[in-house]
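To start, the structure itself, in structure tokens.
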Amino acid sequence: MEKGWLGLPYHTISEHYNQLFGEKVYKIPVTVVDDCPNRRGLKGMQTCVFCDVWGSAANAESLSMELRAQIEKYHGHIAQKYKAKAFLIYFQAYTNTFTKVSALRHNFDVALSYPWVKGFTVGTRPDCLSKSVFDLWNEYHEKSFVCVEMGVQSFFNDQLEFMRRGHTAEASIEAIHKIADNTKVDLGIHLIFGNPGETDETIVKTAEIVNTLPITNIKLHNMHVLKNTPLEEMYHKGEFTPIDRETYARRVELFLQHVSPRFAMHRLAAYSSRWDELVAPEWTKNKMGTHQFIIDQLRAKGSYQSQFFKAESVVELEEQKFLAKKAVFTPSSLV
Ligand code: SF4
500 MEKGWLGLPY HTISEHYNQL FGEKVYKIPV TVVDDCPNRR GLKGMQTCVF
550 CDVWGSAANA ESLSMELRAQ IEKYHGHIAQ KYKAKAFLIY FQAYTNTFTK
600 VSALRHNFDV ALSYPWVKGF TVGTRPDCLS KSVFDLWNEY HEKSFVCVEM
650 GVQSFFNDQL EFMRRGHTAE ASIEAIHKIA DNTKVDLGIH LIFGNPGETD
700 ETIVKTAEIV NTLPITNIKL HNMHVLKNTP LEEMYHKGEF TPIDRETYAR
750 RVELFLQHVS PRFAMHRLAA YSSRWDELVA PEWTKNKMGT HQFIIDQLRA
800 KGSYQSQFFK AESVVELEEQ KFLAKKAVFT PSSLV
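Here it is, written out as structure tokens:
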């Protein structure tokens, strides 16, 4: 009998990548655009309340660097720190499909010119998709791994309005199906928890909606307040209060318990890449501390992803059993 914890009580993105590539892959986040429909003010749209001037980029300096320079710099850091051998280039900041197809093609070619790059991930939003973008993704899918991460953020229109996303929940669902019907990309979504109007019930409903979608992976963020964002102003005026760490952990737990075991989870919480940019909540400063807190909460209660999900296929049942096993601690004395 094995002893101790058999891993994290959720389907991790590393397991997903391991299945796809047979090895651990690391993401190199890059910035190649500096625009999006909201920032451009199309159709009266406004910058999302939480978005900083860097368009949520991991590295602020990336905006002034050529793509090759970014890739080589961060590849050097990650390869040295983790002895990493395989990478995905993550076109992360702003809206990467809010540009010309020729520019996208150029960037994909640069990314794939490195032998250690296994593919790329493109960050986008529901209203920046077109047939030519789908055709391009399919073309690159033939020779490489292509993942798309869509900023959905919420399936509730009141929450989307609060965030000033400029798209509806229905538009996100339609876009997800369009991508799945027209391309073969690995599709993921981002969600933000901690919005006004959010309750345990809306979290469970979110999981139920997600369970119907043709996606493979999910990234969770907690809503945090960054300097020089519309949300900072609202926070100082008392119009927005971030949720506390216990409530956030409880919501992540609820979401995981109700979501299908087939989805691979990226990180479970957001953190500010630029620590001096964070206004609130204080607890989100400690990236590993927050992660560990959530894991401790899950383990303390024996909670795990898909715990309350009704598996309908043999594969789902097997995955559910595997996750249940990971949530059980076997003391050495019983070995
Ligand atoms: S979050 Fe994305 S869509 Fe919203 S303002 Fe920032 S870059 Fe634009």
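For the sequence shown, position 207 matches number 706 in my numbering, and the numbering has no gaps at all.
Glycine included, every Cβ here is placed at the ideal spot set by N, Cα and C.
Note that the coordinates shown come from a computational prediction; the quantities given were computed from them, not determined experimentally.
{"Query": "Going by the beta-carbon positions, is the gap between V621 and N595 smaller than 9 Å?", "Result": "yes"}
{"Query": "Would the region 559–572 count as touching the region 504–513 if we require 3 or more Cβ pairs under 8 Å?", "Result": "no"}
{"Query": "Return yes when at least one heavy atom of the ligand SF4 lies under 8 Å from the C-beta of A592, else no.", "Result": "yes"}
{"Query": "Let me know the secondary structure DSSP gives I588 once reduced to three states.", "Result": "strand"}
{"Query": "Does Y593 pass the burial test, meaning 16 or more other C-beta atoms within 10 Å, or should it be called exposed?", "Result": "buried"}
{"Query": "Just confirm the distance between the C-beta atoms of L767 and L690, as a whole number of angstroms; I'd bet it's less than 8 Å.", "Result": "With a Cβ gap of about 11 Å, L767 and L690 do not count as contacting."}
{"Query": "From what residue to what residue does the alpha helix (DSSP H) around G687 run?", "Result": "That residue, G687, is in no alpha helix (DSSP H); its beta strand (DSSP E) goes D685 to F692."}
{"Query": "Kindly provide the ranges of any beta strand (DSSP E) runs that are 3 or more residues long and lie completely inside the region 574–643, ordered along the chain.", "Result": "585–590 and 616–623"}
{"Query": "Leaving out five residues before and five after P760 in sequence, what residues of the same chain have Cβ atoms less than 8 Å from its Cβ?", "Result": "H510, Q804, S805, F808, A810, E815, E818, Q819, F821 and L822"}
{"Query": "Nearer than 8 Å: is that true of the beta carbon of G650 relative to any heavy atom of the ligand SF4?", "Result": "yes"}
{"Query": "Mind checking who K784 pairs with in its DSSP beta bridge?", "Result": "K784 is not bridged to any residue."}
{"Query": "Using CA atoms only, rank isn't needed, just tell me which of V531, V709 and T682 is closest to V609.", "Result": "V531"}
{"Query": "Cα separation between S771 and Y639?", "Result": "32 Å"}
{"Query": "Among K630, I742, D685 and G788, which one has its Cα closest to the Cα of L519?", "Result": "D685"}
{"Query": "To which residues of the same chain is C837 closer than 6 Å at the C-beta, ignoring the five residues directly before and after it?", "Result": "Here the chain has residues from 500 to 834 only, and residue 837 is not among them."}
{"Query": "Report the option in P695, K825, T546 and P713 whose CA atom is closest to the CA atom of F762.", "Result": "P713"}
{"Query": "Might you give, ordered along the chain, the residues of its own chain that have their beta carbon closer than 6 Å to the beta carbon of G665, omitting 5 neighbours on each side?", "Result": "N537 and M544"}
{"Query": "Could you give the distance in angstroms between the alpha-carbon of W553 and the alpha-carbon of H576?", "Result": "21 Å"}
{"Query": "Could you tell me if G618 is buried or exposed, where buried requires 16 or more neighbouring beta carbons within 10 angstroms of its beta carbon?", "Result": "buried"}
{"Query": "When burial is assigned at 16 or more other CB atoms within 10 Å of the CB, is T698 buried or exposed?", "Result": "exposed"}
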